[in-house]
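Student:
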Amino acid sequence: MPAHWVAQGSHVTWAAVTADARSLHLAAAAARASADRKAEEIIALDVSDRLALTDVFIVLSGRTERQVSAIADAVEEAMHREGVKPLRKEGESAARWVLLDFGDIVVHVQHEEDRVYYSLERLWKDCPLVELPDLEARDAKAPAGPAPGAAGAGS
């Protein structure tokens, strides 16, 4: 069982991640789908010791309502590929804070302003962070397109 740093008040301690392997796998898939839609500040919190209803909260943000909707759609598609359907969806019409409840994980897609205002990380600060795949490395590995001016050169 991996351990991660957890801020508790003014000091930092180690805490074990108790979420099961399936929940951690789904959290990673949701994080990758979010990153593919340029979500920002993607974090996952192991809430399994605090809540009986779910194991992991994924919290992330988008800059616009359109991006919040696109991220939520991408997460839902990724979970569908994993064979998981949402048990509940809320906030889709306003697209300021879309909550997607998949049972083992709950994804909070928030507009960046709402993320600052509600500060879920502060509310759940005693929960360990779940290590997510290196999402920035995925962007760096994206194939480069043709060099500027290369298309049609020499014609």
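Sequential numbering of the sequence shown, starting at 3, is according to the numbering used here. Glycine included, every Cβ here is placed at the ideal spot set by N, Cα and C. This structure is a prediction, so every number in the text was calculated from the model and none was measured.
#1: What are the boundary residues of the alpha helix (DSSP H) that Asp75 is part of?
#2: Taking C-beta to C-beta, are His110 and Arg98 nearer than 8 Å?
#3: Excluding the five sequence neighbours on either side, which residues of its own chain have a C-beta within less than 7 Å of the C-beta of His27, listed in chain order?
#4: Helix, strand or coil for Val132, going by three-state DSSP, please let me know.
#5: Report the rounded CA-to-CA distance for Glu94 versus Gly85, giving the unit in angstroms.
#6: Would you please state the rounded distance, in angstroms, between the beta carbons of Ala18 and Ala29? I believe it to be under 8 Å.
#7: Taking only three categories from DSSP, how would you classify Ser63?
#8: Could you have a look at Arg90 and say whether DSSP puts it in helix, strand or coil?
#9: With a CB to CB cut of under 6 Å and the five nearest residues on each side skipped, what residues in its chain are close to Val61?
Tutor: Concretely, from the data shown:
#1: 67-83
#2: no
#3: none
#4: coil
#5: 21 Å
#6: Contact flag wrong, Cβ pair sits at about 16 Å.
#7: strand
#8: strand
#9: Ile45, His110, Leu122
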